[in-house]
Structure formats: C-alpha cells, structure tokens
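The numbering of the sequence shown is the numbering used here, which starts it at 502 and goes up by one.
Below: one structure, written as structure tokens.
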Amino acid sequence: MNQLMKLRQLMIIPAFVALLFLAHGALSDSSVAFGQECVGGELVGNFYSPEQNLTALTVFVFNDRLYIGGSSPDLHSIPLTSSEGTIPLMPDPTEIMVDGLVTNLFVTDMGIFASVESVESNSHEFRVYSLNGNALVKSLTFDKPIHDIYVAGNYAYLANGVDGLQVVELTGEPTLKDPIVLAGNAKAMAISVRGDKAYVVAESDGNDLWVFDVSTPDSPALSGSYDIAGANVQDIFLTSTHILVAANGDGLLVLKQDSPSTIVGALDGIGRATKVHAIDDGFAYVGLATDGVMGVNLSESTQPTAWGCYSNDNDDVSNLFAYGDHVFVAYDDLGVATLQFPIYSLLLPLVKNNLIVDSDPQVPALENGGFEPPEENNVVWQQRTEPMAENGEDPLAPLIVTSDDVQPNWDAHNGTTGLAWLGGFNDQPVISEISQDIRVDSRNQGVTNLEFYYAVGSNEPSCAGKPDDENGDLVQVLVDEISVWNFPLCTGNTRGWTRAQIPIDGNWQINPSRTVTLKFRVTQDSSENSNFYLDDVSFCSDDLDVVNGSTCQ
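Structure below.
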C-alpha cells in the first residue's frame, strides 16, 4: 500500500431555416444598424419604472430567481415562474439593504456574492450574503473597485482593475491570496472560468486577454496573454467551445478556447460593445453602451450576424443576463427591462441543439465509472485534495484504489477490483474529490439520471448540531460546482453497498451542447473520521426510447 495511505484510516442549417426567414422576414443590414431604425427586439416587461428611483447596475439569475443590484434599496431578489413560461411584469421583490452601490453579482448555492461601493467613504468591498439574503456572512475590503466576480467551487475570482486578478478562498473565513498584477499596467475588467482555466479581459495598450491555469486555485499560473483588440476590452463570456469578447469599438469578437490567440469571427460596426451574455453556442446578446441590446446569431462562429436589436432612449446598458428566450437588461437609471427577440424564439429548438439534426434521446458518455485498473484507465478522473501533497501536484493519497487497499473492510461493488475512496483522513480537515468532464447536448435533456453505488464508514456519533452545510463530514455530488446531492456522513455507517439515483440533467437544460464537470466531493472537519466509498458510476434513463445507455433499475 502507498505510504501515504497511512494518513487514512479504514472503516448543419437545413433548408427549413431559410424558409422561416422568408416567412417571417429576414432582417436587413439597415434594420439593425444603430442610428437607423432598430427592430427585432421587444420589451415584454419592466421591473421598475423611473418613478421608483432604482438605479440598476447588475443582474444575475440563479435557480429561477432574478437578482438585481444597484442602489436604494440596494439588492433585490425576484422569483421567476419560468416553468410556466411567464415572467412577472411588476413583481413584489425581496429587498436586501446593503448600504452602498451593488456593482456586481454572482449567485451559487453557497450564497450571494456582491461587490459593494460606498461613495461617501470611497470603500470597495467584496461581500457574501446567505442565499435567502437574511445575513451578511463574509466581507473583505479592497483598495480598488471590483469590476467583475466569478465563483467556481470554493473560490471567488475577482477582476480588480489595476490590481489585476484577485482570488478569495471561501472556506471558513474568507482568505485573500496574493494578487496577480497584469503586465503593462493592464486594467482587469471581466473574468470567466471554465474547468481549470480562468480568462481575464483587460483595458490595455498591449495584451488584453489573459489566460490562467487555476487547477491550483491558490496560485493561478499564467498560460498566455494576447493582444486581440483595441485598448478598451470590456467583457467576456465562455460558451462550451468559444470565447465571446465585448471589445468596445471593435464590436463582438469570437475566439476558440483551445486557441485563444486567434480571432475566428467578428461583428463590428455595431457600436460600442460593452457587455455580452449567451444561453448557448447559438445565440448571444450584446450590450452596446447607450445604443441598446443586439441579438447575435452564433451558429456559424466565423460569421456572427445581427438578428435584431432594442434601443431604450440612450440610457446606459449596465449589465445583462440571458435566461431562456428572454434577456434581462440593467438599464442604469431606467430599471430592469425584460426583452425578447422573436426570431430567436422561433429558431430556439435549432439553436439550442447547436444544429444537431439527430434528435434521438441519449444519455451522455461517462468513462470508466467502475474505476477499474490499470492506472491509465483512470486518467479520465481528476483526483484532488485540499491540502495537496508536499509536491503540490498530487493528492495526499490516491483516491482511486483497489479492493486490496481497503481490505478487510470493503470489496469493490459487483465483484470487480477498482473503487474510489474519499475521506478517511483521520482528524484532519481535508477535502477530497474526483471529477470527470462530460460532453452533453440537448439530446440528453429529460432522459438522464446519475446512478452510483456508495458505502459509508464513519466514526461520527450523530448529526446532532451539525447542519448539512456546516461542520461535520459531508459528501456532495456537483455539476459545474452546483450541488445536486448532499449526504451527511454523520448519519452513520451502511451495511454494504447502497444504490443512489439522481435526476441530474436539469443542471444543463438551459445551456446544452457543452462540457459539464461531474464531481464527487467529501469534506471532513477535524473531529472523528469518515470514509466514503464509491463504485459503478453511470448514467441511466427512465425513457425506454433512449438509443444508448441502460434503463434505470
């Protein structure tokens, strides 16, 4: 057995599309050029009127709730009845007083993350509120304004202007890591993270796109920096394969994530592109400063084309967020507008399929869910602990093992050899996790369940006084860092293998044709010891018409 084990104690576009354009009217170049007639986008709702004295600066949607940041009263949370296809026009919001201007928002199941500016004291804060908004959980003060926030896992990544990239660890008390200042006095304006890469765009006379390896979030490593546009790049959004950049006077730029130095498509001459957001690989919304919002067809990444626009009397577009076939726009002094682009709604099935004509339902492909040797079979699974081993590259102990490593307590499920062993670090606060990147698309919607077998050996006496999300030992299943299954290990030991089945595909329905990260994570505190054994991970379906995959038991 590896000596480190001693740390652990056992227990295509078809012709049909062209016909649609003929039937419903293709948009001419002049119809979407600002300064001329702006058509194609419709105002279908307005959350606040100017009389309500709301300055809207940022918007975010999470779990069918719209979050609005601005001023007086500072932060709002509004339920959206998306399952019925309706958006409230004048809702009754939940208000969270934060005593400052809320300039950026990011929301996960961990809480509400906000940047708050105080004009009177000239202070700049990063704050974490509980998801229900009832409590301020954490706060950090910065010397410079925070321009953007992105949260992935237990870390928040901040675009902090001339102070560059800032990383905040969110476990326990918030811990600010050493800042990474961008060369050439570049001003970090926006950030987005996918997998182990963070992409930062900056206002700069030199390089304005910076890519960092964040596989070790505590210490991001620069992978490359590139000069892609003029001096004032403003925003970035990642689709499953491409990078969308709002490049101010240079318009919208499209780059490939695997080759970020090369611009593969551009849409210029549209005004000052300051914000960009997309639902999927096929359609994006671009905020154009005082000129409004433009819908952009991305089905041909090398030829992005305008598919309509909406203008709102020259009021600034502060931020926008795509949601289903709507887009919410923070219009500075005019509140939040809900826009719809009918041509996109008409073509939504094709765009969301990313032009996949074969619509037979399928379950995604998952590799080596039984963790079987040899070792090279398991490279599809990423293994990680916090803290890592002394070399900074390996987990404290292998997390994918064989039955021999866990004898005499456990055999692998179903008489095989390999299994995963998370936890088991006695009296140590260790996070252990395994993950696999999985390609999904719209054919997987509504037919996919995650199935796996698990066993628990824990010395935790009970769950008394140990909430599921605080203290104690906890196992989680996450899709793109969103928890879809929690199990407190303090509930006691299992007497063998137990089957679990989770309807999981809801986490990618609004953004199909992309790569998602499936992760199993065990979090241990410093008291008692808990082991979580995992085997035979697979996707299955209740739908008998799926063309691959097994039927759920």
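Cβ atoms here follow ideal geometry from the backbone N, Cα and C, with glycine treated the same way.
Less than 8 Å between C-beta atoms, sequence neighbours within five positions excluded: which residues of the same chain meet that for residue i?
| i | result |
| --- | --- |
| glutamine 930 | Inspection of the sequence shows that residue 930 is occupied by proline rather than by glutamine. For proline 930, where only same-chain residues beyond five positions count, the Cβ hits under 8 Å are Gln1025, Asp1026 and Ser1027. |
| aspartate 928 | Ser1027, Ser1028, Glu1029 and Asn1030 |
| serine 640 | Glu626, Phe627, Arg628, Val629 and Pro675 |
| leucine 975 | Asp969, Asn987, Phe988, Pro989, Leu990, Val1023 and Thr1024 |
| proline 874 | Thr903, Thr918 and Gly919 |
Taking C-beta to C-beta, are residue i and residue j nearer than 8 Å?
| i | j | result |
| --- | --- | --- |
| alanine 730 | valine 746 | yes |
| serine 1055 | glycine 793 | Residue 1055 is absent from the structure shown; the chain starts at 502 and stops at 1054. |
| threonine 604 | serine 619 | no |
| phenylalanine 872 | valine 957 | no |
| serine 710 | proline 761 | This sequence places leucine at residue 710; serine is not what is there. Yes, they are a contact pair. |
| leucine 900 | alanine 866 | no |
| leucine 923 | isoleucine 1005 | no |
| threonine 903 | threonine 886 | no |
| glycine 634 | threonine 672 | no |
| asparagine 749 | asparagine 733 | yes |
| aspartate 759 | isoleucine 692 | no |
| valine 881 | glutamate 894 | no |
| valine 453 | alanine 660 | Residue 453 lies beyond the stretch modelled for the chain, which goes from 502 to 1054, so this question has no answer here. |
| valine 864 | phenylalanine 1040 | yes |
Classify residue i as buried or exposed, calling it buried when 16 or more other Cβ atoms lie within 10 Å of its own Cβ.
| i | result |
| --- | --- |
| alanine 890 | exposed |
| proline 962 | exposed |
| methionine 598 | exposed |
| threonine 642 | exposed |
| serine 1042 | buried |
| glycine 612 | buried |
| asparagine 879 | buried |
| leucine 544 | exposed |
| alanine 636 | exposed |
| glycine 662 | buried |
| asparagine 686 | exposed |
| threonine 763 | exposed |
| aspartate 706 | exposed |
| proline 896 | buried |
| glycine 916 | exposed |
Measuring only the C-alpha atoms, how far is residue i from residue j?
| i | j | result |
| --- | --- | --- |
| valine 682 | asparagine 623 | 22 Å |
| serine 572 | serine 933 | 41 Å |
| glutamine 735 | alanine 684 | 17 Å |
| aspartate 938 | serine 741 | 12 Å |
| glycine 752 | glycine 766 | 11 Å |
| glutamate 876 | tyrosine 727 | 37 Å |
| threonine 992 | glycine 973 | 10 Å |
| serine 802 | phenylalanine 738 | 14 Å |
| phenylalanine 1021 | glycine 770 | 46 Å |
| leucine 576 | aspartate 906 | 52 Å |
| aspartate 1044 | methionine 690 | 45 Å |
| aspartate 816 | alanine 831 | 10 Å |
| serine 720 | arginine 996 | 41 Å |
| aspartate 697 | leucine 602 | 32 Å |
| lysine 688 | alanine 703 | 5 Å |
| lysine 678 | tyrosine 651 | 15 Å |
Within the same chain, show all residues whose beta-carbon is closer than 6 Å to that of residue i, passing over the 5 residues directly before and after it, in chain order.
| i | result |
| --- | --- |
| proline 680 | Asp664, Gly665 and Gln667 |
| histidine 914 | Tyr954, Trp998, Asp1036 and Asp1037 |
| valine 828 | Tyr786, Leu821 and Leu840 |
| aspartate 981 | Val1017 and Thr1018 |
| asparagine 461 | Residue numbering for the chain in the displayed model covers 502 to 1054; residue 461 lies beyond these limits and cannot be assessed. |
| histidine 778 | Phe738, Tyr786, Leu821, Phe822 and Ala823 |
| leucine 606 | Thr559, Phe561, Tyr568, Gly570 and Ala615 |
Less than 8 Å between the CB atoms is what I'm expecting for residue i and residue j, so what's the real figure, rounded?
| i | j | result |
| --- | --- | --- |
| glycine 772 | alanine 790 | 7 Å |
| alanine 557 | glycine 836 | 5 Å |
| tyrosine 656 | proline 580 | That pair is no contact at about 29 Å. |
| glutamine 1002 | serine 936 | Their Cβ separation, rounded to whole angstroms, is 20 Å, which puts glutamine 1002 and serine 936 out of contact at 8 Å. |
Starting from the C-beta of residue i, find all residues in its chain whose C-beta is less than 7 Å away, skip the five residues before and the five after it, and write them out in chain order.
| i | result |
| --- | --- |
| valine 638 | Gly612, Val629, Tyr630 and Ser631 |
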